[in-house]
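Peer 1: The structure is given below, and queries will be raised subsequently.
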Amino acid sequence: MSIVAQCPHCETRFTLQSEMSGKSMRCPNLECRQVFTVRPMVATAPPAAAPEPPPEPKAPPKPVPKPEPKPAPKRPPKPAEPDIVEAAIVTAAVVKPPRVKEVVWSEGTDVPPPKKDKKPLKPVPADEPDDEIVVRKKKKSNRAPLLLAGMGIFIVAALGFAIVYILQTEGKKEDQLADSAQTEYQKAEYAAAGKLYEKLAQDYPRSNRINKYKFFADLSSTQTTVRAVTNRQDYEPALKRLTAFLESHKSSDLMKPTEYGRDVLEAGKKLCEDIAEYAGDRVTAYQADRAKSEELSHADAAVAKGRELVAALDPLRGPDDQPLDKLKGRFDQAEKSVKRERDRSAAFARAKAQLESPTDALIQSAEAELRAAGFIDDPEVRALIATAKGNLRKLVRYTDDPAPPEPVPPTTATSLLFVTPVGKTKLHEPGVGAAPSTVFLCVARGILYALDEDTGTLLWATRVGADITDPPVVTRVTLAGGPTDVAVVASNVGGSAAVSGHVLKTGAPLWYQPLPAAAGPAVVVGGRAFVPLRDPEGTVYEFDLTTGQRIGHLRLGQPLAESGAVLRPGTNLLYIAAEARRLYVIDAGGKDDAGNRINPRCVQVIATGHLAGTLRVPPLFVGPEGTEPADRWLVLSQAHGPAVTNLRAFPVGTVEPPADGATVPETPAAPAAEVPVPGWVWYPPVCDGERLAVASDTGQFRVFGVNQAGNLDKPLFPMAAPALPNPPDDRPVRGLVIPVGESEYWLLAGGHLQQARLVLVPNKGQDVVLAGTRASVGEPVHGPQISARKDAACVVVRSANSSGCRAVAFDLRTGEVRWQRQLGLVPAKQSSAERCAGPVRQGDAFVLVDEDGGIVVVPAGGEVAASQSLAAKPEWLVASAPAGASGPTVVAATADGQTVFAVTPVTTKDGPKFVVRRVAGGKLLGEDEIGAPGELAGQPAVVGGALHIPTADGFVHRFIPGAGVTVPAVLVAGPKWRGDRPAAAAAGGITPLSDTTFVTSDGGKKLTRWEWLPGANTTRKELGEWVLREAVAGPGAAVPGDADGPPRLIVGDVSGSVWMFAPDKPGAPLRRWKAGGARLPTGKLSSAFAVQSGEGNKTVVAYVVDGKAVAALDPDRDEVLWAVPLSEDANGTPVGAPQPAGANRWVVTDLAGRVLLLDGATGAALDTKSVGLPGAVPAAASGVAGGTALVPLSDGSAVLIELKK
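For the record, in the sequence shown the residue sitting at position 50 is 50 according to the numbering used here, with numbers rising by one throughout.
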C-alpha cells in the first residue's frame, strides 16, 4: 500500500510505500536534500466549483419615436449579447488510490468544460404597422428566390461562426490542459504531469505540439522512475528506463541543451549519484562480511554502467554547464574502493599463507608488504600479525640433539705461519707470587694466534676463517689432568663451520664439533658453552666443555645479532639480542625441586625495538651482580644513523619463568635513559659501577655517570666530553677504552694511544685530562685483552697505510710498549700500481718482503714436514718492519734476483723519508734512511746494480748506499720520467737495458731512452725516443740481442699489442705482435713480462692477457709461440706474472688456489697443484726454487708445494 508524503522544507510531494511511515529519509529533490520524518498526508476533496452566474437579462427595446415626416424609418439598435462566463469544472482527487505499486499524488485534474448550446438565432423584428393611408400600388414582382438565397447565406454564415467558435473553444481547452501539465511538471509532480501529457497526446493527436506532448509524457514517466528513492537499492529499472528514453529521443530537437536536454541531464545525474551510492554500499556490505565476494562484482558492474551513463549524458551539457567530473570522480573513488578491497584481500591471503609457519623474517616480510600497501592498520591484519608473533614465540623451545665430537679434519697443505717481531722486545720479569703469564689470543685475517704475555712468542695458531673477527672465550675446565684453561674457538674455514676446544697453553685440540652455519663467539654458563649461529632461525647450540658432546639446541625463530649474546653476571640468565626488535632471556641453568637439570628455556622476550644492523657490541649490564633486588640496567649501544650511537639503558627487573606449557609474552620496553655518542661504537663500553666510558670511530671519548642507590639521577647522565681531534681526512677509525683503575683509562682513538684521567677541575667540575705522550699505534681490529696480573694489555691494530696487523702489548701503568708482533705476512707491492711482489729466489731460499717492510728468508725445503703447519723460525727474520711506516713497501730486484731492494716510506720527526734495505745471498747487506723528495710514483728498477726510484717530483732518483756514519746514503736526481702532458694518475716506469742505459715512460705513448753513467755526480743524456700508437701498458723487459748485439726492448700497449725495438735504432719497431690475431687473444696486458731461456738457449717472453690467458713470444719470430686460455671463472684469474720454473717450464698461480705447471714449448699443462687450504686465496705469484713453489696467501700465511719433477 502506498502513502503520500510531503517534504516540510520544500513542500515536494511524492508517493512512498506504507512501511516508510514514521521513518527518517532524505528528500529526493536535488535542490533540497533535507532529512525529515515521513508523515502520511490526509487527502481532502477540492472545493466545489462556483455556480455559473445567470446570464444578464436582456435590456428592453427602446421605444421608437414617430418618424418625422418624410425621413425614412430607423430600425431599433441591436441588443448587446450577454457576457458568457465559463466556469472551470474541477474534479476532486481520489482519496483511496488504486492498488498499484506507486502512484504520484496530484491535487486534481482539470476537466474540459461542457460544450455550450448553439447560439439561438436572433428573431427578426416585425415591421410595425403603418398608420398611413394605404396607397394602392403597382403589383410587386416575385421575391421568393431572393429571400431563399439570403436565408441560405445567413445559415452558412451562422454555421461558419459556430464552427469557428467551437474551434476557438477547443484550442483554449488544449492550452489550459497543456498549462496544467507544465505546472505539474515544474512542481516535480511527474506522475500527474505524465498523465496529463498522455491525455494531451491522446486527445490532440493532430496538434502541432504532439511531439512535445509525447516527449514530456515519456520524460515524466522517466523522471518518476529515475527519482525513486529505491534506486540506491536497485538501480537497474531506472537505468533501463533512462537508457531507453535516451535511445528513443536521441534525434529529437527537444533533447538539445538549449531545449529540454538539461532536464534529462539532471535526471541522469541523479541516477548516477544513486548508482555511485549503490557501488559504495556494495563495498560496505563486503567489508561487513568478506565472504560475500560477489558484492565487489556488483560494485564493479555498477561502476562500469555508471561510467557508460555519464558518457551518454555528456552531449546534453550546455555551453555553460560544468563538466561531469564530479560524477566521474565518484565512480573513480568507487573503483578505487573496490580495487583496494581486492588488493587487501590478496595481500591478506598472501600474508596468511606466508605466516602459516612463521619466522621472524617471514613476519617482517609480511608486515613490510602490508605496510607498503597501506593495510597495516587494518584490524584483521593486526590480528593476523599478532597471531603470527604469538605462534613464533611458541616455537622458541629447546630440542635435545645429542651428538659426539668428531675428529679434526686433516689438511694436506704444508703451511707457514709468520709472527715476526717489530722493534725491540722488552722482557718483563714477573714479581714473586705473581699470577702466571697470560696467553693473549689475537685474530688477524682469519688466523688465530696465541702469544705469550711476557715474551710475545707464538705459542700456537690455527685458521678460523676470514669472517671470524673476535677472539675466542676462555674458561677453566676440569679435565683428567686437573683444571685446564680451554679456548672455545668458533671457525668457518672454507665454508665449513665448526666449534672446537683447545688447550690454551699449547693449542692442542680437545674436541671438534661441526656446525650447520657460521657462529659467533661462544658464551660459557657453568660447564657448558652456548654457541649462537648466524642462521635465519636464530639457533643456539649447547655443548659440554669437558667432552665436547653436543647436548641440544634452542631455536629463537629470527636471526641473532653478530655479537649479541652475554651472560648476566651472577646468574644463569643468558641474554641474546636478536638482529632486530627484541632480546631473548634464556634460563640456561634451571633445576627442578629435586636438583635435576631443566633444559634451557626462554623466560622473557623484551621488545627493545632496535633496527637490524644497529647493534654492533654485546649488551652491557650496569649494577650489582646476582638477583637480589637492586637497580640494574641493560645498556644497548645502538647506532642511530650514520654518525651517532645512542646508549640506551633499559631497566632490568625480576625474571619469572612461565608456567609449564605457557607461551612467553613479549614485554614492551622503553629506555629509562638514552644518551648520544658522536660516531659509531665498535667495542663494548667499560663500566666500574659508577662511571661508564666509551670511545667511537670519530676519535671521541665520553664518560657518563651511573645512578647510585638513593640518588635521583637518571641511570646514565653525561659527565665529561673532552674535545679530541678527528681522525685524518675525517676517515672513521675505530676506538676503544681500556680500564686501568678508578677514573683512569687508556684511550685508543684516532689511531693513537694515550692515557686519560677523570679529575675534578676547579670551577668546572669533573673533566677528562689526557696525560703522557700520544703514541701512534693504529686502528684496533678487535677488543683488548688484559692480563691476569692486571698490569698489561694487548691490542691488535692495523696500520692506517697498510693491511698488515700487529699485536701490541703495553704496560698499563706507564704505557711503555713491551713488544710488538707482526701477525702474518702480507706481500709487499711490486709497484705503486698495487701489484704484489712474489717471493724472489736467492739460491735455495726465498726472499719474502712484508707490506710493512719486514723481510724473511724461507728455506726452499727440508724445514717443514708435509701436511703440517710451522711457525716461521726466528732466524728466518732478516729485518723487522721499520717504525713509522707511512705506506706500503715496494720491492725491486736484479734480473737474476741475486739482489733485492725493499723501499719503505716512513714518517719521522724530520719529515718523510725512505728506508732502503738490500738483501743478497739471504742476508741483509744494509739498511739506509734517506730523505724522500716525494712519494713513490711507480715501479723502482735496478740499473747496473743501483736502485732507481721514480718519485712524485717527476724525476728518477738513483740510490747511493752509505758507508757508515761518515758517508750517509743519498738520492741523486736524474732524468725526468714525466712528460710535458702526463695523465692525472701518471706512474713512472723504468726498464733497464744495460748497466748504464734504461727507458722511461709516464704511461703515455712516448718512450724515452737515457744513458746515465754510474756514480753520484755523473751526467745523463737522452739517446732517443719511440712513439707508440697507443699508450704504454707498463714497464717493459729487455731481451738479448742478435749475435751479441745490444739488448732489445719489449713493451706492450693498452690495446694488447706487443712491440719490440732496437735500442740503438730509434724510430720504427723491429717487430709487432698484434692482439686479436690468429693466435694472440684480444685483451690488454694484465701482468708484467717474464723472461726465460728456453730450448736451445732461446729466449721466451711470457705474460698474462686480460686475466684469461697466458701467452708466450719468441723475440725472433713473428708468430706467437703459444697462447693458453685459462678458466673463464673469475676465481681462475692468474695472480701476478708467469714465473720461470727452469727446464723450459712456467708456473702460473690463480685465485682459485691452483698452481699450474706449463710446458714452455707448447703451453700444455704438465701438472696442477692446489694450496690445499679452503678459503685461502693466493696473494701473489708463486716463487720457484729447486722444484718447490712458495705461494703467499692473503691471510698472511704461505704454502710450500712440491712441483712435478
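Just so you know, even glycine gets a beta-carbon here, dropped at the ideal spot from N, CA and C.
Mapping the DSSP letters down to three states, classify Phe-1294 as helix, strand or coil.
Peer 2: Any answer about residue 1294 is impossible in this case: the structure gives the chain only from 1 up to 1205.
Peer 1: Hey, could you find the ends of the beta strand (DSSP E) Pro-668 is sitting in?
Peer 2: First-last of the beta strand (DSSP E) with Pro-668: 666-668.
Peer 1: Under 6 angstroms Cβ to Cβ from Ala-565, same chain only, skipping five residues before and after it: list those, please.
Peer 2: Taken in chain order, the residues that qualify are Val-523, Pro-532 and Ile-576.
Peer 1: Helix, strand or coil: which one does DSSP assign to Val-740?
Peer 2: It is a strand residue.
Peer 1: Using only CA atoms, which one of Gln-785, Lys-790 and Asp-688 lies nearest to Val-796?
Peer 2: The residue with the shortest Cα to Cα distance from Val-796 is Gln-785.
Peer 1: Is the CB-CB distance between Ala-1016 and Asp-1002 below 9 angstroms?
Peer 2: The answer is no: Cβ separation not under 9 angstroms.
Peer 1: Just to check my reading of the structure: Pro-514 and Ala-490 have Cβ atoms closer than 8 angstroms, yes? What is that Cβ distance to the nearest angstrom?
Peer 2: That pair is no contact at about 12 angstroms.
Peer 1: Straight-line CA distance for Pro-404 to Gly-557?
Peer 2: Roughly 26 angstroms between the two C-alpha positions.
Peer 1: Select from Gln-287, Leu-313, Asn-208 and Ala-192 the residue whose C-alpha is nearest the C-alpha of Glu-247.
Peer 2: Checked all of Gln-287, Leu-313, Asn-208 and Ala-192; the closest Cα to Glu-247 is Leu-313.
Peer 1: Does the region 219-231 come close enough to the region 264-271 to have 3 or more Cβ pairs within less than 8 angstroms?
Peer 2: Touching, yes.
Peer 1: List the whole-angstrom C-beta distance separating Glu-453 from Ala-792, where the pair is believed to meet the contact cut-off of C-beta under 8 angstroms.
Peer 2: Yes, they are in contact, since the Cβ atoms of Glu-453 and Ala-792 sit about 6 angstroms apart, within 8 angstroms.
Peer 1: Report back the beta-carbon spacing between Thr-462 and Leu-448 to the nearest angstrom; my notes put them in contact at under 8 angstroms.
Peer 2: Yes, they are in contact, since the Cβ atoms of Thr-462 and Leu-448 sit about 5 angstroms apart, within 8 angstroms.
Peer 1: Comparing C-alpha positions only, which one of Thr-698, Arg-1145 and Val-35 sits nearest to Pro-8?
Peer 2: Per the Cα distances, Val-35.
Peer 1: Which stretch, first to last residue, makes up the beta strand (DSSP E) that contains Gln-755?
Peer 2: That run of the beta strand (DSSP E) goes 752-761.
Peer 1: Determine the DSSP secondary structure at Pro-145, reduced to helix, strand or coil.
Peer 2: The answer is helix: DSSP assigns Pro-145 an H, G or I state.
Peer 1: Tell me Cys-805's beta-bridge partners as DSSP assigns them.
Peer 2: Answer is Arg-798 and Leu-823, bridged to Cys-805.
Peer 1: What number of angstroms, rounded off, separates the C-alpha of Phe-1089 from the C-alpha of Pro-888?
Peer 2: Approximately 23 angstroms, taken between the alpha carbons.
Peer 1: Compute the Euclidean distance between the alpha carbons of Ile-84 and Lys-173, then round it to the nearest angstrom.
Peer 2: Residue placement at Ile-84 cannot be trusted, given a pLDDT of 38 that sits under 50; what the coordinates show is reported in the next sentence. Rounded to the nearest angstrom, the two C-alpha atoms are 16 angstroms apart.
Peer 1: Taking 9 angstroms as the threshold (beta carbon to beta carbon), is Asp-713 in contact with chain C?
Peer 2: Among the protein chains of the structure shown there is no chain C, as only one such chain exists.
Peer 1: Given a threshold of 16 other Cβ atoms within 10 Å of its Cβ, counted over all protein chains shown, does Phe-154 qualify as buried or as exposed?
Peer 2: Flag for Phe-154 reads exposed.
Peer 1: Enumerated in chain order, which unbroken segments of the beta strand (DSSP E) with a length of 3 residues or greater are wholly contained in the region 375-432?
Peer 2: Listed in chain order, they are 397-403, 414-417 and 419-421.
Peer 1: Using a Cβ-based criterion (distance less than 8 angstroms to any ligand heavy atom), does Ser-251 qualify as near the ligand NAD?
Peer 2: As for the ligand NAD, it is missing from this structure, which has no ligand bound.
Peer 1: Use the C-beta contact count for Ile-990: other C-beta atoms within 10 angstroms, 16 or more gives buried, fewer gives exposed.
Peer 2: Buried: at least 16 other Cβ atoms inside 10 Å.
Peer 1: If you compare alpha carbons, which of Ser-787, Trp-633, Gly-280 and Pro-407 is closest to Val-474?
Peer 2: Nearest of Ser-787, Trp-633, Gly-280 and Pro-407 to Val-474, Cα basis: Ser-787.
Peer 1: Which residue from Lys-394, Leu-395, Leu-370 and Arg-397 puts its Cα closest to that of Leu-384?
Peer 2: The candidate whose alpha carbon is nearest that of Leu-384 is Leu-370.
Peer 1: For Ala-707, does the count of other Cβ atoms within 10 angstroms reach 16, so buried, or fall short, so exposed?
Peer 2: Just to set this straight, residue 707 is Asn in the shown sequence, not Ala. Flag for Asn-707 reads buried.
Peer 1: Between which two residues does the alpha helix (DSSP H) harbouring Gln-287 extend?
Peer 2: Gln-287 -> alpha helix (DSSP H) spans 261-288.
Peer 1: Identify, in the order they occur along the chain, each residue of the same chain with its Cβ nearer than 6 angstroms to the Cβ of Thr-12, setting aside the five sequence neighbours on each side.
Peer 2: So the qualifying residues of the chain are Asn-29 and Ala-188.
Peer 1: Check whether the Cβ atoms of Leu-504 and Gly-527 sit closer than 9 angstroms, and answer yes or no.
Peer 2: In this structure, Gly-527 does not lie closer than 9 angstroms to Leu-504 by Cβ.
Peer 1: For the alpha helix (DSSP H) containing Leu-196, list its first residue and its last residue.
Peer 2: Here the alpha helix (DSSP H) through Leu-196 covers 190-203.
Peer 1: Check whether the region 307-321 touches the region 281-293, taking contact to mean three or more Cβ pairs, one atom from each stretch, closer than 8 angstroms.
Peer 2: Taking 8 angstroms as the limit for Cβ pairs, the verdict is that the region 281-293 does not touch the region 307-321.
Peer 1: Going by the DSSP bridge assignment, what does Met-25 pair with across the sheet?
Peer 2: For Met-25, which the question treats as bridged, DSSP gives the partners Phe-36.
Peer 1: Using the C-alpha atoms, what's the distance from Gly-1186 back to Glu-1202?
Peer 2: Looking at the two C-alpha atoms, the distance is approximately 9 angstroms.
Peer 1: Glu-1022: buried (16+ other C-beta within 10 angstroms of its C-beta) or exposed?
Peer 2: By the 10 Å Cβ count, Glu-1022 comes out exposed.
Peer 1: CB Val-864 to CB Phe-846, shorter than 9 angstroms?
Peer 2: Not in contact: Val-864 and Phe-846 (Cβ atoms no closer than 9 angstroms).
Peer 1: For the putative contact between Leu-620 and Pro-671, defined by C-beta atoms under 8 angstroms, what is the C-beta separation to the nearest angstrom?
Peer 2: That pair is no contact at about 13 angstroms.
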